[in-house]
Each structure stands twice: as C-alpha cells, then as structure tokens.
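Position one of the sequence shown corresponds to residue 1 (the numbering used here), numbered consecutively onward. Written out below as structure tokens is the structure these notes cover.
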Amino acid sequence: MGFDELMANNINPYYVSYMSPSFPGKVQDTTGSYILRGSPLIQQFDPDNYRSDPFYRTPLRIPDGMGGYKVFSGPTAVYDYNNDPYWASIGMESPYVADPGAVLNTPLFGTHSIQSQDRRNVFGSATYDLFDKQVQLFAEFLFANIESEGALAPSPVVGLGAKQSNINIPANNIYNPFQIALGPNAGPGGLPPGGPRVRSRFVDSGNRLFDSLTDYYHITAGLEGEFESGWSYNAAYNYNCYDQVQFTRNAVNGAALELALTPNSNPELAALGLSQLLGANGQPVPMYNIFSVGGNDPATVDAIRATLFQSGKSEEWDAGGVITGNPIDLPGGKLGVAVGGAFCSESLSIDFDGLTKMGKVPGLNPAWPTHGRRDSWAGFVEVRIPLTSPEMDIPALRSFEVTAAGRYESFDPGGDSAVPKVAVRWQPLDEQFTLRASYAQSFVAPSTYELFGGDQVSVPVLGVPRTGDPDSSYAWLQEYTVWKSNSKLEPADAESWTAGIVISPKAIEGLTISLDYYHIKTKNDIFRVDEQSMVDSLNELGVNSPWQPYFFKADGTQITTTAVNQANDADWGILMVPLLNGAAVKTDGFDVAANYVFNTGNLGRFNFYANANVLLNYEYSDPVAGGPYKYAGYYSDPVTGAPGGQGTLPDFQLATGVGWEMNEWTVLVNARYIPEVTAWGSADYTMDGSEWTVDSWYSIDMQLAYEFGKNKVEDRKWYDGTRIAIGCNNITDNEPPLIAGAFEDNTDKSTYDIIGRFLYFEISKKF
C-alpha cells in the first residue's frame, strides 16, 4: 500500500514497517535530515524541490580554491555543506533538500508477503501382528522436502557505525562530499554527533532473495498389545528432524565494499576513479558511490555482491511407554489405571557464513554459531474411579466418576516440575444431561529455540530523543534491536479449572450441545522484555539502568555516565532484547459447541456443526512493563509497543459448517467469522489520533470429494481407496482487514487469510 493510500485510510505512513527511513541520497546531522533533490525513491516529496538533472542525484565535492576540496565536519556538517556560498556562485541550487519528511516505500521494489513454496512428501505406515493382538508391531514414516523463496528490499545502510552497518568511507573517496573519514575506524569526528550520519540502500544490487531448503524426517516405531484381562500397553520410539539451509542472495560483502570505497593505491589509477577492489577479470573496478541514488558501475556492483548462508538443524527423539488396565471391580464399575514414562532429548544447532560472523554484511547484524541440547524424563499416573453407575439406582447420581492424575518431569537445563489434575463427570438423571469439571496444574517448558536460538533482528518503532541534549524532543522512529535467546529459562507454570455441561436430548436424535467455562492463570511465564521500557530506563538512569549492558551506541561503546537521553536516535547502535521468566497471564471465557447429525437414508447423511469461543477476559503483566494489560476485544502487537501483545483476541469468534456424505461423495462447507476489534495503542499510528477499529471478517471454504470404493471391504479394485477432491478456500475472496499499528503488512497474518481465494486439487490413495 502506497503513501497516499495509507493516508487516505487514516494510517500514518511514517509508522509503517515497510516505509523505511534508509534509502540512497540521505544524510543527517544534528540539524535534521537531508535528501538529494534528484532522488526518485522518496514518498511524500515536494515536486517543486525535485530536479531530474543528474547533478542532483549525487553530491559534489566543493573546491577550496587551492587545488583541494573543502572539509565539513562536526554536528552541523551537512547543513554547512548544503548552505555553502559555492552553490550560489555557480548558479545552482544546493544538492540537498532539508528535512523533507521522506520515506521509502520498500514494496515498490517488488517484494511480496507470501513466500513461494514447492513441497514434496513421502509417507507410509504399517502394522503387523506378531502374536495376535497381544504383540503388534507398528511403524510410520514421513519425509518432506520444502523449497521456499522470499524477498526483501535491497540491503539498507542505517548508519556507518560499528553497531549500525559497519562501513568505513575514507576522506579521499572521490564521492565523499564532506572530505572527512566516516565510519567506525575514522576516530574522533568520524561518527555522530561528530560527523554526518549516512543512510543509503544498495539498490544496484537488487532485492535480497532468501532461498530455503528444508528436509523433515519423522519416524515412529513401537510395540502395542492388549490382553483378555483388560490390560494393554504401548511402547514407542519417535524421531523428528528439521534440517534447513537458507541462502541469502544479493547481499553485500562489507569487506569488498570498503575496498570499493577506497581509492586505488596507484595514484594514476585513483585519478581515473578506480578503487582497490579487483573485479572478476583481476582489474580494479570503479569506486563505489554510496552517497548517490544509484547508477554505480555494474562491475563494481558484481564485485561486492555476496551470497550468504545459514544452516540449522533441530532434532528430537523420545522413547516411552504406557500401561493401562482395569485391575479392580468397584460397585460403580471398573477402576481404570494408566502408568507411563518417557525420555526425551532435543537439540538445536545453527551456523552462519564467515561474513556474517565478522559483522561485514551491511543491513545484517553479526551472528555467531549457536547450539544446545535439553534432556528430560517424565513419569505419570492416572486413575479413573467410577463411584456410581445406573445399576446402583441412586437418585441424582445415575453416574458419577472421578479422574485423578499426576505428572513429574525433570528438565536439564530447566529444573523439575510436578503437577496434579482432578476431573469429575456427573450424570444426575440419564445420558441426556452430563455435568463435568476439572482442576489442573501444568507447566510449559521453553522451546529449544528460546533456549539456544540465534539472534533475530527487529526494527520496532520506538519513542527516542532525537539527540543527547536534555531538552531534545522525542520522536517515534524505527530503531534496530536484536532479540536474544536465553539458555537459563525455566518452565512456566499454569493453573486452570473448567466446568461445563453436555446435553444430548433424546427428542432430537443426533444433536449434542455443550457449554464449558474455563479459567486459566499462568506465572513465571516467558516474556520478551518490552523495548520501550528498556529505552525509557536507559534515557532516565544512564549507566544505572538495569539494561545498560544491553545497549550499544553507534560506535560500539556503551553508556558510562548517568547523563540523560543517551539512547537517542543520533547515536543509536543496537539494543539487545532478552527473554526472561516472570510474566503472568489470566484469562477466562466460554467454549460453546453444537453438533447435529441427520441421516436421511437414500439422500445421505448431513453433519451440521457450530463452535464458538466467548472471551470474557485476557490480562497480561510482567515485571518490566507492569500491568495488567487487558487485551480481550483488542488486537495487540508487541513489536509496536503492546507489552506481551497477543495478536487478535476478539470478544468471540465463530466457526460453523455442514458436511454431506452419500455413497462415495462428500461435500464440505466451512465458514469462520471474526467480529471487529480495537487496535491497542493505535492512536499513535493514525493520522487523526483516533483509535483504530479493525473491521469484522469472514471466510467460506468449500470442498467436493469422491472416493472410489469407499467403505468397500471385499472385491476391491486397484483404484479403490483413491480419493479425488477439488476445493476453494476463501471462496468470496475477502481481503484481510487493515490494522493501524500492525508491524507487518498492516494486518494480522496469523488470524486472517492474506492469500485470498485459493483453488486446489487433491488426490490420495489408501492401501
């Protein structure tokens, strides 16, 4: 969506993630931002200030009248350069326009939100009776190969600092209009606030392409059996493996770039504009112009282009078993018992190419190999106690049973956890009316990625001071952060209780209605520290902030004094954002379901269903951001400032449909409805400062299928068991609703369908 279209929809385009402040021809100093008059890449730019003359597409050096060039340095370097009398003396406007409020609409480069994918799957399963039903061997296998491709706009240059894009530009670069060394090796005056901040984007290199190759393996093998005494067992081994390699094409080799920015050591070649970088033919390539809006020599562009790689492997295997039986006859029925245990081992390893490890890829932060393993073992027991039965003929206690269970699990790393569960089921009169309730404690262990995963770069919109001045104004700007994993995370604890009713009236055969209330609380939950809270603390407390070790300035240094406003835009490098334990969630609501099966005989069988969730409350809190924050009825996004944001949590949502089966034919129609919600904190992202209401949305899916020899047991043909289906998802082609304040694509891709109408064809065979 373009700049004007966003404004027409009341969305502030400056706070949209794909509107970037980093593009060719842009520089900054303490007086503001400047952009070349001839830049064709900007949005919301004054046409009167645009000049198509090539003169305005790259800044020129200003002669000093002594055979050299003027030097511009310090906090006002860009302003001084742009207002130098030289421009009037030659009858030209200055190259830059001051503070035009320009941003780059990156989707104009042809990027897309939906990755293209090719999938190939092979699967199979088998069972074999070794000794009738007492010992059965079972196994299943799945192999999936997935190739996907995504794209992002060309690599950005957010600044030259060591914790920004890590680029050095020598003072004698023939395109450097300031004639001072810029970058992390420049020394005093080379970085803001001592010198200009250079932003750019490697548009000549093309979009960054991400090609991922993933192999997935799943293997299960085991033994199971049952005995006439009522006992049964199951023992199995499971293995799962994800093996992925991702190639990033059209990246920029930062080491080669610095050679391309440096004049050739041979003065004669340097006078010809050649650099120290050698091309494929072994000859020096022309010097790279990082200050222009594009148009670099193709030989130079090819010489700095790089392909990166990231490899990752996640493995999990477990072995366990369970024994179930009915050892004792009670007055209310047979006592049910289940006892089991398991061992599980999970591992994750990630590696990167050498350039990424060195931090020499502009647009990407340094990343290093990571790996880790977690082992766990568990034991559990469950007992079902039937206290009454219909045969006992006790008034109001036709059937009453209690289920009690306990589970103990030990994690390394992670600690131990033991949790109970109790459930009751009560039919006071007959099977038409059932009451049920449960109480349980549980735990959720951190994932291997949360424990050992690699760094993840993010660019949230944060409220930061423009400079380090105590009186500096605050602005909402995109700043670079890195999400970190944490190998010391512990399992989160949860407590829940439910109560419900199930009605199956005899008067309407085939109808079942259920209503369940749930109440869930978690503690010691895993949370990502709120970035805005970290920034506010750093700017208020300086070195005394608990987050001081997590922030690096543009030059790679850290905060060492108590001065205010040190985490400012002018000197921003990177903020490391950790995962911690300590968050809490409290939620309650109702689950409602209705199902009606209607058999017409010759006209087939109909199955009508409807399921709804009614959310009464959802509260989030953590020790950093505080709370509780109430998210029921809201869309909330943690990247755009909602602590512990949960995406879309409507007051209710509905799924309904009907299925029809007759002989070999099956027709399915399913629908989903999500009512309107309010975007949390959206007043900061709308043009008029109003709260954003996310429109209601629905989708309808349909499928028609035919299965040869369906339900046939004897005289099966070779083609029997073959199922052919054709379907359409989102048949009305409803677009996802716009959301002001949604970080990615101005919508919630995890809730709404962004693909649109999708036709598909399936064929499968059962043997």
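For glycine and all other residues, C-beta sits at the position ideal for the given N, C-alpha and C. Keep in mind the model is a prediction, meaning the values are calculated, not measured.
Give me the Cα-Cα distance between G647 and D695, rounded to the nearest whole angstrom. Looking up residue 647 in the sequence shown gives position 647. Looking up residue 695 in the sequence shown gives position 695. For G647 and D695, the distance between alpha carbons rounds to 15 Å.
Write down the C-beta distance between P59 and N172 rounded to the nearest angstrom, noting that I regard them as a contact closer than 8 Å. On the sequence shown, residue 59 is found 59 positions in, with the first residue counted as 1. On the sequence shown, residue 172 is found 172 positions in, with the first residue counted as 1. 16 Å between Cβ atoms; not a contact.
Helix or strand or just coil, what does DSSP make of S545? Residue numbering aside, residue 545 sits at position 545 when the sequence shown is read from its first letter. If DSSP states are grouped into helix, strand and coil, S545 belongs with coil.
Between S275 and A260, is the Cβ-Cβ spacing less than 8 Å? Within the sequence shown, residue 275 is the residue found at index 275, counting from 1. Within the sequence shown, residue 260 is the residue found at index 260, counting from 1. Taking 8 Å as the Cβ cut-off, S275 and A260 qualify as a contacting pair.
Should the region 72–92 be called in touch with the region 315–334, which here means at least 3 C-beta pairs below 8 Å? no
Is the region 518–533 close to the region 576–595, with three or more CB pairs under 8 Å? yes
Express the C-alpha separation of S73 and G189 in angstroms, rounding to a whole number. Residue mapping note: residue 189 aligns to position 189 of the sequence shown, counting from 1. Residue mapping note: residue 73 aligns to position 73 of the sequence shown, counting from 1. Model confidence at G189 stands at a pLDDT of 48, short of 50, so the residue's coordinates are unreliable; what they give is reported in the following sentence. Answer to the nearest angstrom: the Cα atoms are 7 Å apart.
Pairwise C-alpha distance: Y673 and T514: The sequence position of residue 514 within the sequence shown is 514, counting from 1. The sequence position of residue 673 within the sequence shown is 673, counting from 1. Thr is not the amino acid found at residue 514; the sequence shown has Ser there. In a straight line, the C-alpha of S514 is about 20 Å away from that of Y673.
From this set, T31, R61, T106, which residue's C-alpha is nearest P75's C-alpha? Reading the sequence shown from its first residue, position 75 is the one you call residue 75. Among T31, R61, T106, the Cα nearest to that of P75 is on T31.
Output the boundary residues of the alpha helix (DSSP H) element that contains T300. The residue labelled residue 300 in the question sits at position 300 within the sequence shown. Unbroken alpha helix (DSSP H) run through T300: 298–304.
Does the separation of the CB atoms of A162 and P184 fall below 8 Å? The sequence position of residue 162 within the sequence shown is 162, counting from 1. The sequence position of residue 184 within the sequence shown is 184, counting from 1. Yes, these two residues count as a Cβ contact at 8 Å.
Exposed unless 16 or more other CB atoms sit within 10 angstroms - verdict on N711: For the purposes of this step, residue 711 is taken as residue 711 along the sequence shown, with counting starting at 1. N711 comes out exposed.
Once the 5 residues before and after P643 are set aside, which same chain residues still bring their CB inside 7 Å of it? For this step, residue 643 is matched to residue 643 along the sequence shown. Excluding positions up to five away in sequence, the list reads D530, Y620, D622, A625, G627, Y629.
Under the three-state DSSP convention, the category T248 falls into: Your numbering for residue 248 matches position 248 in the sequence shown. Looking at T248 - three-state DSSP - the assignment turns out to be strand.
So, for Y631: in the same chain, excluding its five sequence neighbours on each side, which residues have a beta-carbon less than 7 Å away from its beta-carbon? Counted from its first residue, the sequence shown places residue 631 at position 631. Cβ neighbours of Y631 beyond the five flanking positions: Y618, Y620, Q646, L649, W680.
How would you write the range of the beta strand (DSSP E) that V78 sits in, first residue to last? Translated into the one-based positions of the sequence shown, residue 78 becomes position 78. Looking at the DSSP string, V78 is not in any beta strand (DSSP E); the run it does join, the alpha helix (DSSP H), is 77–82.
Within the region 243–292, ranges of the alpha helix (DSSP H) (whole runs, at least 4 residues): 254–261, 267–271
Mapping DSSP to helix, strand and coil, what is G189? Translated into the one-based positions of the sequence shown, residue 189 becomes position 189. With a pLDDT of 48 at G189, under the threshold of 50, the modelled position of this residue cannot be trusted, and the question is left open.
Which of helix, strand or coil DSSP assigns to F352: Position 352 of the sequence shown, counting from 1, holds the residue named residue 352. In the structure shown, F352 sits in a strand (DSSP, three-state: E or B).
Roughly how many whole angstroms lie between the Cα atoms of D684 and E676? If you number the sequence shown from 1, residue 684 lands on position 684. If you number the sequence shown from 1, residue 676 lands on position 676. So the alpha carbons of these two residues sit roughly 19 Å apart.
Using 8 Å as the threshold, is the region 474–484 in touch with the region 700–715, meaning 3 or more CB pairs across them? no
Which residue spans inside the region 79–113 form an unbroken alpha helix (DSSP H) run of at least 4? 86–89
Taking a contact to mean a Cβ-Cβ separation below 8 Å, would you say V27 touches P284 in this structure? If you number the sequence shown from 1, residue 27 lands on position 27. If you number the sequence shown from 1, residue 284 lands on position 284. It is not a contact, given that the beta carbons lie outside the stated cut-off.
Which stretch, first to last residue, makes up the alpha helix (DSSP H) that contains T448? To locate residue 448, count along the sequence shown from 1; it is residue 448. Taken as a continuous stretch (DSSP letters only), the alpha helix (DSSP H) holding T448 covers 448–452.
When DSSP labels each residue in this structure, what does L137 get in the three-state scheme? Here residue 137 refers to the residue found at position 137 when the sequence shown is read from its first residue. In this structure, L137 counts as strand in the three-state DSSP scheme.
DSSP beta-bridge partners for Q653? By 1-based counting over the sequence shown, the position of residue 653 is 653. In DSSP, Q653 forms a bridge with N613.
Please give me, in chain order, every unbroken run of the beta strand (DSSP E) with length at least 3 that falls completely inside the region 523–585. 551–553, 572–577
Taking the alpha-carbon positions, what's the W317 to Y239 distance? Taking the sequence shown and counting its residues from 1, one reaches residue 317 at position 317. Taking the sequence shown and counting its residues from 1, one reaches residue 239 at position 239. When rounded, the distance between both Cα atoms is 4 Å.
Thinking just about the alpha-carbon of each residue, which of T512, W660, G414 is nearest to the one in N581? Along the sequence shown, one-based indexing puts residue 581 at 581. It is G414 whose Cα lies nearest to the Cα of N581.
Hey, would you say P366 sits closer than 8 Å to G359, going by beta carbons? Your numbering for residue 366 matches position 366 in the sequence shown. Your numbering for residue 359 matches position 359 in the sequence shown. Taking 8 Å as the Cβ cut-off, P366 and G359 qualify as a contacting pair.
Assuming P465 is part of the beta strand (DSSP E), what are its boundary residues? One-based indexing of the sequence shown puts residue 465 at position 465. Segment 461–465, the beta strand (DSSP E) holding P465.
Using 10 angstroms around the beta-carbon of A563, count the other beta-carbons present and answer buried if the total reaches 16, otherwise exposed. In the sequence shown, the residue the question calls residue 563 occupies position 563. With fewer than 16 Cβ atoms within 10 Å of its Cβ, A563 is classed as exposed.
Stretch pair the region 718–730 + the region 754–767: three plus CB contacts closer than 8 Å: yes
Pull up the DSSP beta-bridge partners for R197, would you. On the sequence shown, residue 197 is found 197 positions in, with the first residue counted as 1. DSSP output for R197 lists Q28 as bridge partner(s).
Could you have a look at R37 and say whether DSSP puts it in helix, strand or coil? Sequence index remark: in the sequence shown, residue 37 carries index 37 (1-based). Coil.
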